[in-house]
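Colleague: Numbering (our numbering), first residue to last: 352 to 860. Glycine included, C-beta positions come from ideal geometry on N, C-alpha and C. Below are the structure tokens for one structure; questions will follow.
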Amino acid sequence: MPVPVPRQRAIPAVECGQAPAASPDSGPSKEQAPPGTHPAEHPTTRRENPTEKREKPTDTSPDTSTGTDSRTSTGTGTGTDSRTGTDTGTGRTHTDRTTQSAAPTNLTVLLIEDDPAGSPIVPDLLDQAGKPIRVRTARNLTEAGRLLTDDVHCILLDLALSAPAPARTSADGGGNGNGGGDDEDHDELAVLRHVLELAPRHAVLALTSSSDAERGAEAVAVGAQDYLFRDELDGRLLSRAIRYAVERKRSDSAERRLAEGRLRAQENRRLERGLLPTPLLAGSPLRFAARYRPGRSRALLGGDFYDVVRTPDGTVHAMIGDVCGHGPDEAALGVELRIAWRALTLAGLCGDELLGTLQQVLEHERSDDEIFATLCAVDISPDGRRAGLCLAGHPSPLLSRPGEPARLLPYDNNGPALGLLPGARWPRMQVELGAEWSLMLYTDGLIEGHVGEGRERLGQDGMVEMVRRQLAEGLAGEELLRAAVNEVRELNGGELADDLAVVLLDRTA
């Protein structure tokens, strides 16, 4: 009797270095059972539930032990369907150890295709660095939803996949229809739309037949990054198409976010610009100028606010205020206070009565009890020679007249800032202006900037000296405000940290 010759074990492609190792989460390649193991006990003989997570390895080396491609072998021996088989027990442990020594996979692809016969439509895939591209396979949209994890970069969707019954019913509006080509076309695009809704941040490649190029173009129009003919696929073409689709999706997403950001910024600018006041000075001989600079970067509106209106009796009312802080909440509160001031002024309120009502508005609208606002309000008589002044914790205005140095108006009867003391009072002072004058109202952003490298601030005295010098140079109106703001910024060494608002009213004889 001849001595039996032992059968040589086939060396898997992973072990002999001819193919890359499969990912730990991918289905196992066909492997020989360990010596002494009964075929029924080998882990690869167990079929996986079709609804479980399945990944297709990129290794296509045939299993020489059975003479069958490991991708299509479904016997009960050592072969399994690599797309539906589950590697557990000792086989799983072996796969994990092998993968640890292999290069990691860069790209993961989810293939959604209805292929119950198990015939592959996707060839082997390698990324640009020559590393395997992991392919997960889902046979329906429900399974695709479970396999669509964050590490998936691209989706390959077979347009021949039939839509599920709920999607068809919804698309038909609850009716059954008569069937036919139109319903089939609609169902195929409905599947694509469902995938795009399911994965809005993923690249999608549509797979169709070479005789249905129009359907592929429609898929791109709906939202797919590209389409390919499934009967003309090869590994190099598909690998390159996947990389391009991923990059196009990233570029499209970045461009869309940029466009959305621009639209949002434009809307914010229009909104903020619309919230800035339009002076109501029709019929008044006074000239008006203003400068406004929010402390927030790329903002048009800050916590400072101002307004000027002329009432029917000819009195010109001017106001400037500052909400503590300079964020968007403070800007919104400043707008509310300005609108409330204009409404109360046009309703005939003035002085202490107006400020008391304005404090009530602040107390109801502020988000925190510690938020307060300073305010300076003046009412100039119809003849323009006198004014009433109310200060609520705010710096006193600067008055300049021909032949006299600019000076600050009295600050003795200054009341508390709005929102600090319930039931507070704000006395109204009478001020003589004269026949020709210039009155400048400002917020503390103009005087709290630093001077030079040290910690010294400009202050009111420095501001007065600066304006006196600029007036002596013949500056007035807009030119005076522009020069004052620019010099304050230069002295500060750059942009000011706080909001800044300046209002200038002039009367000439």
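(1) Quick one: measure Cβ to Cβ for D795 and D680, integer angstroms, because I've assumed they're closer than 8 Å.
(2) Taking its Cβ as the centre, do 16 or more other Cβ atoms sit within 10 Å of H553, making it buried, or is it exposed?
(3) May I have the straight-line CA-CA distance separating P628 from R776, to the nearest angstrom?
(4) Grouping DSSP H, G and I as helix and E and B as strand, with all else coil, what is R689?
(5) Tell me the DSSP secondary structure of S635 in three-state form.
(6) Whose CA, out of Q821, D850, L684 and R820, lies closest to the CA of G770?
(7) Grab me the residues of R693's own chain with a C-beta within less than 7 Å of its C-beta, minus the 5 sequence neighbours each way, in chain order.
(8) By a C-beta neighbour count over all protein chains shown, 10 Å radius and 16 as the cutoff for buried, is S602 buried or exposed?
(9) Using the C-alpha atoms, what's the distance from R779 back to G800?
(10) Touch check for the region 501-509 and the region 554-564: three-plus C-beta pairs under 8 Å?
(11) Counting only C-beta atoms, is G774 closer than 8 Å to chain D at any point?
(12) Using the beta-carbon count (16 or more within 10 Å), is T696 buried or exposed?
(13) Around the Cβ of S433, are there at least 16 other Cβ atoms within 10 angstroms (buried) or fewer (exposed)?
(14) On the three-state DSSP scale, how would you describe R752?
(15) Taking contact to mean 3 or more Cβ pairs, one atom from each stretch, closer than 8 Å, check whether the region 559-571 and the region 587-595 are in contact.
(16) Between which two residues does the beta strand (DSSP E) harbouring G496 extend?
(17) On the DSSP letters alone, give me the boundaries of the beta strand (DSSP E) that V486 sits inside.
(18) Check each candidate in G735, R840, I463 and Y643 and name the one with the smallest Cα separation from V542.
(19) Report all residues from its chain with a CB closer than 7 Å to the CB of R448; omit the five preceding and five following residues, and keep chain order.
(20) Please classify G803: is it buried, with 16 or more other beta-carbons within 10 angstroms of its beta-carbon, or exposed?
(21) For the beta strand (DSSP E) containing H668, name the first residue and the last one.
(22) Mark A860 as exposed unless 16 or more other C-beta atoms lie within 10 angstroms of its C-beta, in which case mark it buried.
(23) What's the call for A575, buried or exposed, on a 16-neighbour Cβ count within 10 Å?
(24) Can you tell me which residues form a DSSP beta bridge with Y578?
(25) As a quick exercise: from D734, A738, T559 and G785, pick the residue whose alpha carbon is nearest that of L584.
(26) Considering only the beta carbon of each residue, do I484 and L477 sit closer than 8 Å?
(27) Using DSSP with H/G/I as helix, E/B as strand and the rest coil, what is G739?
(28) Taking all protein chains shown into account, do 16 or more other C-beta atoms lie within 10 angstroms of the C-beta of N764, making it buried, or fewer, making it exposed?
(29) Given this structure, state the Cα-to-Cα distance separating G844 from K600, to the nearest angstrom.
(30) Exposed or buried, D414, counting other C-beta atoms within 10 Å across all chains shown (16 or more means buried)?
(31) Of all the options G828, A835 and D720, which has the alpha carbon lying nearest to the alpha carbon of G816?
(32) What are the boundary residues of the alpha helix (DSSP H) that includes D812?
Modeller: Once the coordinates are examined:
(1) As a first step, residue 795 is located in the sequence shown; it is residue number 444 there, counting from the start. As a first step, residue 680 is located in the sequence shown; it is residue number 329 there, counting from the start. About 19 Å separates the Cβ atoms of D795 and D680, ruling out a contact at the 8 Å cut-off.
(2) For the purposes of this step, residue 553 is taken as the residue at position 202 of the sequence shown. Buried, since its Cβ has 16 or more Cβ neighbours within 10 Å.
(3) Position 277 of the sequence shown holds residue 628. Position 425 of the sequence shown holds residue 776. Roughly 27 Å between the two C-alpha positions.
(4) For this step, residue 689 is matched to residue 338 along the sequence shown. R689 falls in the helix class under three-state DSSP.
(5) Start at 1 with the first residue of the sequence shown, and residue 635 comes out as number 284. For S635, the three-state secondary structure derived from DSSP is coil.
(6) Your numbering for residue 770 matches position 419 in the sequence shown. Residue L684 is the option with its Cα nearest to G770.
(7) For the purposes of this step, residue 693 is identified with residue 342 of the sequence shown, where counting begins at 1. Excluding positions up to five away in sequence, the list reads D658 and V660.
(8) Stepping through the sequence shown from its first residue, residue 602 is reached at position 251. Its Cβ having fewer than 16 others within 10 Å, S602 is exposed.
(9) To locate residue 800, count along the sequence shown from 1; it is residue 449. To locate residue 779, count along the sequence shown from 1; it is residue 428. Computed Cα separation, rounded: 30 Å.
(10) Between the region 501-509 and the region 554-564 there are three or more C-beta pairs closer than 8 Å, enough to call the two in contact.
(11) Here chain D cannot be found, since the structure has a single protein chain.
(12) By one-based count along the sequence shown, residue 696 stands at place 345. Burial of T696 is indicated by the presence of at least 16 other C-beta atoms within 10 angstroms of its C-beta.
(13) Counted from its first residue, the sequence shown places residue 433 at position 82. Annotation note: pLDDT 38 at S433 (below 50); position unreliable, no value reported.
(14) Here residue 752 refers to the residue found at position 401 of the sequence shown. DSSP, read as helix, strand or coil, puts R752 in coil.
(15) No contact exists between the region 559-571 and the region 587-595.
(16) Within the sequence shown, numbered from 1, the residue matching residue 496 stands at position 145. Where G496 is concerned, there is no enclosing beta strand (DSSP E), although the alpha helix (DSSP H) it sits in stretches over L492 to L498.
(17) Within the sequence shown, numbered from 1, the residue matching residue 486 stands at position 135. Boundaries of the beta strand (DSSP E) around V486: R485 to A489.
(18) Numbered from its first residue, the sequence shown carries residue 542 at position 191. When each option's Cα is compared against that of V542, the closest is I463.
(19) As a working note, residue 448 is residue 97 in the sequence shown. At R448, the pLDDT of 31 sits below 50, so the modelled position is not reliable and the matter cannot be decided from this model.
(20) As a working note, residue 803 is residue 452 in the sequence shown. Note on G803: under 16 other CB atoms within 10 angstroms of its CB, so exposed under the neighbour-count rule.
(21) On the sequence shown, residue 668 is found 317 positions in, with the first residue counted as 1. According to the DSSP assignment, H668 belongs to the beta strand (DSSP E) that extends over V667 to V674.
(22) Here the question's residue 860 lines up with position 509 in the sequence shown. Only exposed fits A860, as fewer than 16 other CB atoms lie within 10 angstroms of its CB.
(23) Within the sequence shown, numbered from 1, the residue matching residue 575 stands at position 224. Buried.
(24) Here residue 578 refers to the residue found at position 227 of the sequence shown. Listed as beta-bridge partners of Y578 by DSSP are A557.
(25) Taking the sequence shown and counting its residues from 1, the one referred to as residue 584 is at position 233. Here the closest residue by C-alpha is T559.
(26) On the sequence shown, position 133 is the one that residue 484 refers to. On the sequence shown, position 126 is the one that residue 477 refers to. In contact: I484 and L477 (Cβ atoms closer than 8 Å).
(27) Within the sequence shown, numbered from 1, the residue matching residue 739 stands at position 388. In the three-state scheme derived from DSSP, where H, G and I count as helix and E and B as strand, G739 is classed as strand.
(28) Within the sequence shown, residue 764 is the residue found at index 413, counting from 1. Counting Cβ neighbours within 10 Å, N764 comes out exposed, since fewer than 16 surround it.
(29) As a working note, residue 844 is residue 493 in the sequence shown. As a working note, residue 600 is residue 249 in the sequence shown. Taking the straight line joining both Cα atoms gives about 44 Å.
(30) Along the sequence shown, read from residue 1 onward, the residue named residue 414 stands at position 63. Confidence at D414 is low in this model, with a pLDDT of 42, below 50, so the placement of that residue should be treated as unreliable; the coordinate-derived value is given next. It counts as buried.
(31) In the sequence shown, the residue the question calls residue 816 occupies position 465. This sequence places Glu at residue 816; Gly is not what is there. Of the listed residues, the one whose Cα sits closest to E816 is A835.
(32) By 1-based counting over the sequence shown, the position of residue 812 is 461. Segment G810 to A823, the alpha helix (DSSP H) holding D812.
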